[in-house]
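Below you'll find the structure, written out as structure tokens, and then a few comments.
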Amino acid sequence: MECIIPGENIKVLSRIINALSKIGDDIYLEAKTDCLCLKSVNMTTTAYCTINLYEIFFTTYEAGQIGNDVLSCRLPMKGILGVFKSHGHKDKKPEFCKIVLKQSDSKIIFKFRYKHDVSVVRSLYLNDGDIIDVVYDRTKVVNYIGASAEVFAQVLMNFQMSDEDMSIEVTSEKALIRNYIAGESSISKGIRSQISLMPAEFSNYRINTETNVTFSLKGFRAAVHFAETYRLSLLINFEETGRPALIEIKNPTFDINFIIATLKRDNASQSSLSSTVHLTRKRNATQYNFNEPIDTEKNDNGVGNDIDDVVPQSPESPRSKKIKSIFGRCYDATFRREAIDLGKVLASDSDPDSD
Amino acid sequence: METYFSAELTDFKTLYNVLKAITFKEYATLRPMEEGLKVTIEEMKCVETSAYIPVQMFESYYVRPQEDVKFKLSLKILTETLFIYGDDGNLSLKMTYKGPGFPLCLIIKHNDENITVDCQIYTMDVDESTDFLCLADECTLNKVVVNANQFLDILTDLDNTSDDLDLFLSPNPPYFRISTTSTMGESQTDISKNSEMVLLFQCENEFQAKYSFNYIKQILKVMNFANKVSISTGETGLLGLQLLINEDAKQMYVEYYITSMFEDDR
Numbered sequence: 001m002e003c004i005i006p007g008e009n010i011k012v013l014s015r016i017i018n019a020l021s022k023i024g025d026d027i028y029l030e031a032k033t034d035c036l037c038l039k040s041v042n043m044t045t046t047a048y049c050t051i052n053l054y055e056i057f058f059t060t061y062e063a064g065q066i067g068n069d070v071l072s073c074r075l076p077m078k079g080i081l082g083v084f085k086s087h088g089h090k091d092k093k094p095e096f097c098k099i100v101l102k103q104s105d106s107k108i109i110f111k112f113r114y115k116h117d118v119s120v121v122r123s124l125y126l127n128d129g130d131i132i133d134v135v136y137d138r139t140k141v142v143n144y145i146g147a148s149a150e151v152f153a154q155v156l157m158n159f160q161m162s163d164e165d166m167s168i169e170v171t172s173e174k175a176l177i178r179n180y181i182a183g184e185s186s187i188s189k190g191i192r193s194q195i196s197l198m199p200a201e202f203s204n205y206r207i208n209t210e211t212n213v214t215f216s217l218k219g220f221r222a223a224v225h226f227a228e229t230y231r232l233s234l235l236i237n238f239e240e241t242g243r244p245a246l247i248e249i250k251n252p253t254f255d256i257n258f259i260i261a262t263l264k265r266d267n268a269s270q271s272s273l274s275s276t277v278h279l280t281r282k283r284n285a286t287q288y289n290f291n292e293p294i295d296t297e298k299n300d301n302g303v304g305n306d307i308d309d310v311v312p313q314s315p316e317s318p319r320s321k322k323i324k325s326i327f328g329r330c331y332d333a334t335f336r337r338e339a340i341d342l343g344k345v346l347a348s349d350s351d352p353d354s355d
Numbered sequence: 001m002e003t004y005f006s007a008e009l010t011d012f013k014t015l016y017n018v019l020k021a022i023t024f025k026e027y028a029t030l031r032p033m034e035e036g037l038k039v040t041i042e043e044m045k046c047v048e049t050s051a052y053i054p055v056q057m058f059e060s061y062y063v064r065p066q067e068d069v070k071f072k073l074s075l076k077i078l079t080e081t082l083f084i085y086g087d088d089g090n091l092s093l094k095m096t097y098k099g100p101g102f103p104l105c106l107i108i109k110h111n112d113e114n115i116t117v118d119c120q121i122y123t124m125d126v127d128e129s130t131d132f133l134c135l136a137d138e139c140t141l142n143k144v145v146v147n148a149n150q151f152l153d154i155l156t157d158l159d160n161t162s163d164d165l166d167l168f169l170s171p172n173p174p175y176f177r178i179s180t181t182s183t184m185g186e187s188q189t190d191i192s193k194n195s196e197m198v199l200l201f202q203c204e205n206e207f208q209a210k211y212s213f214n215y216i217k218q219i220l221k222v223m224n225f226a227n228k229v230s231i232s233t234g235e236t237g238l239l240g241l242q243l244l245i246n247e248d249a250k251q252m253y254v255e256y257y258i259t260s261m262f263e264d265d266r
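From first to last, the protein sequence lines are chains A and B.
Counting from 1, one number per residue, gives the positions in the first sequence under UniProt numbering.
Counting from 1, one number per residue, gives the positions in the second sequence under UniProt numbering.
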């Protein structure tokens, strides 16, 4: 594979790699005939991202395919981040970058050419490992919502940096986005935020089945941040609770497909959630006039544990229940006064000077 | 008794920045000479850093003639003292050294607030074994002068997990090559002699040597303040970097010498 990336696209690529670094520890590179494909998957395989850089992204692109084998390799994220770390800022923008990957070679070569007669050649050793591939069945997608990255960025601004997950609850009338706090112990410490968005705020809004999906914020933040830089829009495709969601970002020169696992809940907690949801929705409808063109509806301090609260408590995941039953003793108090007799000194301190 | 050395200067911010950036080790040797003050830090007999503050930088400057004045002190304490007022401007400094066995007296005056700080830093005698060879005379083989900013960019862009750095100079392409090798991969940076960042390129014979990247990294901090960097090499593989630091119309220099690593295939 041999390709040349023009100067202005090197920055795009470096941002793409930066976003990918939020997902996995390795980058998989696949040289397809019509596009260069970058992939990354996280350790627990709950997030998977493919990025296709089309031929027009490059000045020249040659896949150099031999037979039916697609040329592919696996690179350590740390190494490739180092190669692309600082290109694009300061006044030394590279004029072009040439990437060369040879069949059955142990390294990949990046050649940068700068305007003042300076060239940098970086070669990275490849990691062993097979190419991963995740098949996502697009025909099963029943719901999708799409909006510009700014809309999602505004939504994300309502969450704390410590929030790890968010859930989207959709009905045909509106979408409720809230942070998700796992476990029940968090009621006291967490800030619950809920943002209610009307279909009109989205560029695409199609809900066939009312559902609620919960997924990790880490990758989503990276995707939104990236899309925001280039004023692109995101399309979130999903089916139902527990089924993976697909986030798409499209541009004429590249597209990003980000598949993310959603949290699975046991039936009991799911049904209890839906009852709370119905309740709150009715309350909301009487309290706020949603016909007004308001940007976002925010309730930042809906902390509480009673069912009447505006923001429903995050349902407990079955995993935390399981953890508590297996590691039950870990949740017991470790200090028991009756086990220690504090009244009697059995042996005095050997060194009275030290404290 | 006549003092060995006394000097006065106003607005020593650049001096402070430079001294702070070269404090790799605690103790430094101060050597007031006719031409100016020289501050030297030496490490493991393979790296030597000196800052030159020429006479022109000082308001007044006196060194006892026909006397080799030199003394050692804690550079860390000296820089801390110079920063005693924080970043506030309009300061003036007076240094006096009465002679061997006496401390270096500093009087730092804040002219706006009319506060004076009087401080004494204990000095030590310089070991006789530390002779000051003129390293500049050794580095005569090649000379390349480059723009400091762009050169710093290149050096910071190198793979910093690498242990050592290979320098290659040649009168023919690739002219000036810096290579690194690490567990991740290799990197190679070529600077053409026709590049606009190269101000002077003198190289008659090919030169190649390897240096510890950790030692090279030390100099990057002070390179931030520099305008030009002169790179010269010596017969034995000694690498000399001379940094020119411009402050208004006045100039000061930092010299950095580093010995090459031994290579088996030589």
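A virtual CB, placed ideally from N, CA and C, is assigned to each residue, including glycine.
Distance check between Thr45 (chain A) and each of A:Tyr205, A:Gly24, A:Phe112 places A:Gly24 closest, using alpha-carbon atoms only. Judged by DSSP secondary structure, Gly146 (chain A) falls outside any alpha helix (DSSP H) and instead within the beta strand (DSSP E) spanning 143-148. For Met197 (chain B), the closest Cβ of chain A is nearer than 9 Å. No Cβ of chain B is located within less than 9 Å of the beta carbon of Asp34 (chain A).
Secondary structure at Pro32 (chain B): strand, using DSSP grouped into helix, strand and coil. CA-to-CA, the gap between Thr253 (chain A) and Ile109 (chain A) works out to about 23 Å. For the segment 136-183 of chain B, the full-length beta strand (DSSP E) segments reaching 3 residues or more read 142-147, 164-169, 176-181 along the chain.
Take the alpha-carbon of Tyr180 (chain A) and the one of Arg138 (chain A): they are about 26 Å apart. Here Asn208 (chain A) has Val142, Asn143 as same chain residues with Cβ atoms under 7 Å from its own Cβ, once five neighbours each way along the sequence are excluded.
Within the same chain, Cβ atoms closer than 8 Å to the Cβ of Gln202 (chain B) are found at Asn142, Lys143, Val144, the five residues on either side in sequence being excluded. Residue nearest to Gly7 (chain A) within the set A:Leu38, A:Thr59, A:Met43 is A:Thr59 (criterion: CA-CA distance). Annotated three-state conformation of Cys37 (chain A) is strand, per DSSP.
When the beta-carbon positions are compared, Ser40 (chain A) and Leu81 (chain A) stay at least 9 Å from each other. For a Cβ distance threshold of 7 Å, residue set Met184, Gly185 of chain B lies close to Tyr125 (chain A), ordered along the chain.
Remark: fewer than three beta-carbon pairs, one from each stretch, lie closer than 8 Å, so the segment 240-253 of chain B and the segment 37-46 of chain B are not flagged as touching.
Taken through DSSP and simplified to helix, strand or coil, Lys221 (chain B) comes out as helix. Note on geometry: alpha-carbon atoms of Ser172 (chain A) and Arg206 (chain A) lie some 7 Å from one another. Cβ contact annotation for Val121 (chain A) (same chain, cutoff 6 Å, sequence separation greater than five): Lys111, in chain order.
Less than 9 Å divides the Cβ of Leu241 (chain B) from the Cβ of Ile219 (chain B). Cβ neighbours of Thr214 (chain A) within its own chain (closer than 6 Å, five residues either side excluded): Asp165, Ser167, Tyr180, Thr262, Leu263.
Of the other Cβ atoms in all chains shown, 16 or more fall within 10 Å of the Cβ of Val63 (chain B); this residue is therefore buried. For Leu235 (chain A), the enclosing beta strand (DSSP E) covers residues 233-238. Cβ-Cβ distances below 6 Å link Ser170 (chain B) to Glu206 in the same chain, with the five nearest sequence neighbours on each side left out; the list follows chain order. A straight-line Cα-Cα distance of about 23 Å links Leu19 (chain B) and Ser232 (chain B). The continuous alpha helix (DSSP H) containing Arg221 (chain A) extends over residues 217-229. Scanning chain A for C-beta atoms nearer than 8 Å to the C-beta of Asn194 (chain B) yields Asp117, reported in chain order. With a cut-off of 8 Å on Cβ pairs, the segment 182-193 of chain B is in contact with the segment 159-174 of chain B, counting three or more such pairs.
In this structure the segment 120-128 of chain B touches the segment 101-111 of chain B; the number of beta carbon pairs closer than 8 Å is three or more.
For Arg122 (chain A), the closest Cβ of chain B is nearer than 9 Å. Its Cα nearest to that of Ala51 (chain B), the residue B:Gly36 stands out among B:Gly36, B:Tyr61, B:Ser60, B:Phe58. Within the same chain, Cβ atoms closer than 7 Å to the Cβ of Tyr61 (chain B) are found at Ala7, Val55, the five residues on either side in sequence being excluded. Comparing alpha carbon positions, the residue from A:Ile10, A:Pro244, A:Ser104 closest to Asn212 (chain A) is A:Pro244. In this structure, Ile260 (chain A) sits near Tyr48 (chain A), with a CB-CB distance shorter than 9 Å.
Secondary structure note for Arg15 (chain A): its alpha helix (DSSP H) is the uninterrupted segment 7-20.
Within chain A, the residues Val118, Ser119, Val120, Val121 have their CB atoms less than 8 Å from the CB of Asp190 (chain B), given in chain order. Per the coordinates, the alpha-carbon of Lys221 (chain B) lies some 15 Å from the alpha-carbon of Asn147 (chain B).
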